[in-house]
Structures are given as C-alpha cells and as structure tokens.
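Below is one structure; the comments refer to it alone.
Protein chains: 2
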Amino acid sequence: MTKDVRKIKTERDIQTAFLELLTTRPFTKVTVSDICQKSLTSRSTFYSHYLDKYDLLDRIVTYYQTMLVQQLDQNFNQMVAGDLESLIHKVIIAMAPHRRAIQILFTVHEPHVDLKESFRQLLHTEWRHYIQKQGPIHEVPVELIADMGTSMHMTLIEWVITHGTDSLPAVIESISIIRKAILLQIDESQPSP
Amino acid sequence: MTKDVRKIKTERDIQTAFLELLTTRPFTKVTVSDICQKSLTSRSTFYSHYLDKYDLLDRIVTYYQTMLVQQLDQNFNQMVAGDLESLIHKVIIAMAPHRRAIQILFTVHEPHVDLKESFRQLLHTEWRHYIQKQGPIHEVPVELIADMGTSMHMTLIEWVITHGTDSLPAVIESISIIRKAILLQIDESQPSP
DNA sequence: TGCTGACTGTTCGAAAGGCAACAATTAAGC
DNA sequence: GCTTAATTGTTGCCTTTCGAACAGTCAGCA
Numbered sequence: 068m069t070k071d072v073r074k075i076k077t078e079r080d081i082q083t084a085f086l087e088l089l090t091t092r093p094f095t096k097v098t099v100s101d102i103c104q105k106s107l108t109s110r111s112t113f114y115s116h117y118l119d120k121y122d123l124l125d126r127i128v129t130y131y132q133t134m135l136v137q138q139l140d141q142n143f144n145q146m147v148a149g150d151l152e153s154l155i156h157k158v159i160i161a162m163a164p165h166r167r168a169i170q171i172l173f174t175v176h177e178p179h180v181d182l183k184e185s186f187r188q189l190l191h192t193e194w195r196h197y198i199q200k201q202g203p204i205h206e207v208p209v210e211l212i213a214d215m216g217t218s219m220h221m222t223l224i225e226w227v228i229t230h231g232t233d234s235l236p237a238v239i240e241s242i243s244i245i246r247k248a249i250l251l252q253i254d255e256s257q258p259s260p
Numbered sequence: 068m069t070k071d072v073r074k075i076k077t078e079r080d081i082q083t084a085f086l087e088l089l090t091t092r093p094f095t096k097v098t099v100s101d102i103c104q105k106s107l108t109s110r111s112t113f114y115s116h117y118l119d120k121y122d123l124l125d126r127i128v129t130y131y132q133t134m135l136v137q138q139l140d141q142n143f144n145q146m147v148a149g150d151l152e153s154l155i156h157k158v159i160i161a162m163a164p165h166r167r168a169i170q171i172l173f174t175v176h177e178p179h180v181d182l183k184e185s186f187r188q189l190l191h192t193e194w195r196h197y198i199q200k201q202g203p204i205h206e207v208p209v210e211l212i213a214d215m216g217t218s219m220h221m222t223l224i225e226w227v228i229t230h231g232t233d234s235l236p237a238v239i240e241s242i243s244i245i246r247k248a249i250l251l252q253i254d255e256s257q258p259s260p
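Chains as they are written, first to last, in my numbering: chain R, 68 to 260; chain C, 68 to 260.
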C-alpha cells in the first residue's frame, strides 16, 4: 500500500519546481508547462497527479494547514495550564524545517487558497478557545483580545520564517512582555515579569 | 537520439547522492545500496546505467578531467604570448560552478581514479610545453620550473575550490609576484613588478 | 570448518513516466 | 472582428524504472 518511489519523486520534483517558480513570478503567470519544464516531468504525468495548477497549489497549502492543525491539537492537549509559551515554541520549532516553503506560500493569495489567511484563522480560533477556557471576563471583549493574541502570534511566525530559529529564544523572551500584557486582560492572577 | 529525461534525471540523482555520501564516509565504505537508497532509485536501475560503483566514480572523474582538458586547449590556443594570467583566470572561472563536486572528488584517491592527481599531471604537461615554447634555457632544469608552476597552479585551484571566487582578483594579484618570480627563471625579458 | 549476514550483480513482469499528436480554449495584436 | 500564438487537457504507444526474487561472493566469527 506504500507508494511507488517514482510517484514520490515526481511529486517532490513538481512541488519544489513549483515553489521555485513562485519566487520568480506570481501564481497566475506560472503555467503547467513551466512547472513540467523545470521539474523535468512531462505534462501527461503532471495531469496524472494533479487536476491542474490550482489543485497543485491547493494540495500543498492543505498539507501545511493540516500540519499546523495537528501541531496545535497535539500541544494544546498536553499544555500545562497557562503555558502558552511552550505551545508557541513547539509549533514554531515544528514549522522551522519548512520555513522556505511556507515563506513562499505566504505570498500567494488566491480566492480560496491562502495559507497565510488560514493560518491566521486557525490561530484565532485557538486563541478564542483559550481565552474562554480561562473563565468569564467582563471589562474587555473576547474578540479584541483574541485579535491581539493572533496578531502577536502571526508576527512571531513570520519573523521566524524569514529570520530562522537562531535567535528564537531571545525573540520569545523579548515579546513575553507583550504576551503577558495581553494575558493580563483575561486573568488577573497572571504574574507580571 | 537525445536521451529520455528519465535517464538524465536518474543519473543526476545517482551522482549527487553519491557525492553527498562521499562527504560522510570514504569511497570504500559507500555501497551501491547506499547510493540507491539516498537517490531513491532501485538497484536494478543503477546497474542499467553503471557497471558498478567504480564505473560511476570513473565516469564522474572523467567528466571533470575532460572539462579541464577542454578549458586548457581552448584557452591555450587563444592565449596571447605570455599571458598566463588570463589562462589561469579563465580556467578557474569555468570550474567555479562545479567547485563543490571537485572539492569532494579531490578527497578520493583510488588506484586508477584520482581527480586531483590527474589535474596535477595535466597542468604539469601544460607548463612543460609552455616553458619549452619560451625558448631554450640553460641555468635551471625545465622540470623544476614546471614543478614550481604546477604547484602554484594547484594551490590556487584548491584555494578557489574551498573559498569561492569572491576574492579571486585579490588572490591572483597577490600570487602574481610568485608567478613572475617563476617566469623570470625562463625568460629574462619578463618585466618585474 | 561451516554458518551468518551483508553486499553484489542479474532477471522478469508490472507500474509509471515520456513523447508526440490532437482538439479546445484563451489572450494579444492588427 | 480576425488571426496567430500560447496554453490546456487528453489519448495511445513506447521506454524506463521499480520491486522482489535469485544465486554468487566475501568477511567475520563461533
């Protein structure tokens, strides 16, 4: 039931060629022929793997979407109460090996396929759940805090995607003040630095 | 009569996998199975392209040998009298794109397959011809000067292979003094710096 | 000495990919 | 509006690659 290596290889070749091409021109200007030429595959083979270039894009984007969902699920379950720090850290570490691909896909904004936007939505949902689990709050609207958390989170992800994980500990440390300020809005017992 | 792209692809995959493996262990310890595993090709395919791993090594090495021969031939013909500088420069520039592969192959020393050694011999022949063309010399043995020139040339090539071409002009400039000193042995009319 | 495991080199049917040709659609320029 | 060129999907035949099995070689070892 495992795939023939040839399938794995051609899909790998097609996908990396596709991503490379996206660094040279926008998605609309990338043709199937371009992809085949660069990946050294024939068009008939391309169409035996994908419906068209939209399908290709969709599948790659879906792959990273589910990767993020799995990471969030997994780490959310074993999360010690309130330890948002380690959740953020783990998710980012898991993503780091794919940072080039994600960086490229973040530039693609097609009507129904937008990795950056779906990342934002996933994180937003996660934040809303998190805030609501912390108990009822009165002073500030939940949505606002969720927006704030999501923004912070996305900014961090984008930073790591473009700069790598070398300075990650320092970066997380420096934004911890902001994070704590956000969390203070929903939990008065949260200790300050 | 042009090759099927599949052949080109598998040979490319096999060769790059092979070179990568050579960076982790010596040639003797690299098995055909290793190469196939890394390159995602089956052993039956490997043997339909190469007789064995020695044949593979041999073909890659031969490729770079002929590349050097062609470069030398080509530039030796259009060489302005005495303009050794530009010959050296052109040869090195042509080699630069392959520096990683050459660097790896320079570490392999098999009985009948040794890229570094054959580079040295090629350059040595070239230097001997060059010296003899400059007219008869009396004081110093031709072989000694050819040895000196070859050493200098090989050192320069190795330097570029490991450090890249960024500082090439500066490096060539700084060794020009040595080169001129060598050339002074065979041609009294050679102007000094 | 004989056993074992790893590697070699070869074989063959089945699966995948390449190539070339095709009609159909789209975009650009005159 | 018409023409031309480029791109898209699709098809059938042919070539290459895969995978798994096989016997043969060799080194280490009990």
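Glycine included, each C-beta is placed from N, C-alpha and C at the ideal position.
Residue i, enclosing alpha helix (DSSP H) - first and last residue
{"i": "residue 99(R)", "result": "99 to 106"}
{"i": "residue 264(C)", "result": "This structure cannot settle anything about residue 264(C), because the visible part of chain C is limited to 68 through 260."}
{"i": "residue 173(R)", "result": "No alpha helix (DSSP H) contains residue 173(R), which DSSP labels as neither H nor E."}
{"i": "residue 207(C)", "result": "Looking at the DSSP string, residue 207(C) is not in any alpha helix (DSSP H), and its letter there is neither H nor E."}
{"i": "residue 94(R)", "result": "No alpha helix (DSSP H) holds residue 94(R); DSSP gives it neither H nor E."}
{"i": "residue 118(R)", "result": "Segment: none, residue 118(R) is in no alpha helix (DSSP H) and carries neither H nor E."}
{"i": "residue 164(R)", "result": "Neither: residue 164(R) is in no alpha helix (DSSP H) and is coded neither H nor E."}
{"i": "residue 81(C)", "result": "72 to 89"}
{"i": "residue 245(C)", "result": "235 to 251"}
Contact check, residue i vs residue j, beta carbons under 7 Å
{"i": "residue 195(R)", "j": "residue 213(R)", "result": "yes"}
{"i": "residue 163(R)", "j": "residue 86(R)", "result": "no"}
{"i": "residue 117(R)", "j": "residue 123(R)", "result": "yes"}
{"i": "residue 228(C)", "j": "residue 141(C)", "result": "no"}
{"i": "residue 216(R)", "j": "residue 249(R)", "result": "yes"}
{"i": "residue 151(R)", "j": "residue 193(R)", "result": "no"}
{"i": "residue 253(C)", "j": "residue 204(C)", "result": "yes"}
{"i": "residue 173(R)", "j": "residue 157(R)", "result": "no"}
Cβ neighbours of residue i in the same chain (closer than 6 Å, five flanking residues each side left out)
{"i": "residue 230(R)", "result": "none"}
{"i": "residue 177(R)", "result": "none"}
{"i": "residue 84(C)", "result": "102, 105, 106"}
{"i": "residue 220(R)", "result": "190"}
{"i": "residue 75(R)", "result": "none"}
CA-to-CA distance, residue j to residue i, given in whole angstroms
{"i": "residue 189(C)", "j": "residue 78(R)", "result": "43 Å"}
{"i": "residue 121(R)", "j": "residue 99(C)", "result": "39 Å"}
{"i": "residue 206(R)", "j": "residue 96(R)", "result": "49 Å"}
{"i": "residue 90(C)", "j": "residue 166(C)", "result": "14 Å"}
{"i": "residue 236(C)", "j": "residue 128(R)", "result": "46 Å"}
{"i": "residue 153(R)", "j": "residue 136(C)", "result": "59 Å"}
{"i": "residue 132(C)", "j": "residue 218(C)", "result": "18 Å"}
{"i": "residue 185(C)", "j": "residue 94(C)", "result": "18 Å"}
{"i": "residue 108(C)", "j": "residue 110(R)", "result": "22 Å"}
{"i": "residue 88(C)", "j": "residue 73(C)", "result": "22 Å"}
{"i": "residue 134(C)", "j": "residue 130(R)", "result": "43 Å"}
{"i": "residue 143(C)", "j": "residue 92(C)", "result": "38 Å"}
{"i": "residue 114(C)", "j": "residue 211(C)", "result": "45 Å"}
{"i": "residue 119(R)", "j": "residue 175(C)", "result": "46 Å"}
Nonlocal neighbours in the same chain, by C-beta distance under 7 Å from residue i, ignoring five residues either side
{"i": "residue 199(R)", "result": "209"}
{"i": "residue 82(R)", "result": "127"}
{"i": "residue 112(C)", "result": "77"}
{"i": "residue 197(R)", "result": "none"}
Own chain partners of residue i with C-beta closer than 8 Å, once the 5 adjacent residues on each side are dropped
{"i": "residue 70(R)", "result": "none"}
{"i": "residue 223(C)", "result": "155, 159, 238, 239, 242"}
{"i": "residue 180(R)", "result": "121, 124, 125, 128"}
{"i": "residue 232(R)", "result": "159, 160, 163"}
{"i": "residue 80(R)", "result": "106, 107, 108"}
{"i": "residue 226(R)", "result": "238"}
{"i": "residue 234(R)", "result": "none"}
Residues from the region 112 to 140 of chain R in contact with chain C, defined by Cβ distance under 8 Å: For the region 112 to 140 of chain R, the set of residues with a beta-carbon nearer than 8 Å to any beta-carbon of chain C is empty.
Interfacial residues, the region 71 to 86 of chain R to chain C, with Cβ spacing under 9 Å: Along the region 71 to 86 of chain R, the positions whose C-beta sits under 9 Å from a C-beta of chain C are 72, 73, 75, 76, 79, 80, read in chain order.
Against chain C: residues of the region 90 to 110 of chain R by CB proximity under 9 Å: Taking 9 Å as the Cβ-Cβ cut-off against chain C, the residues of the region 90 to 110 of chain R that qualify are 107, 108, 109.
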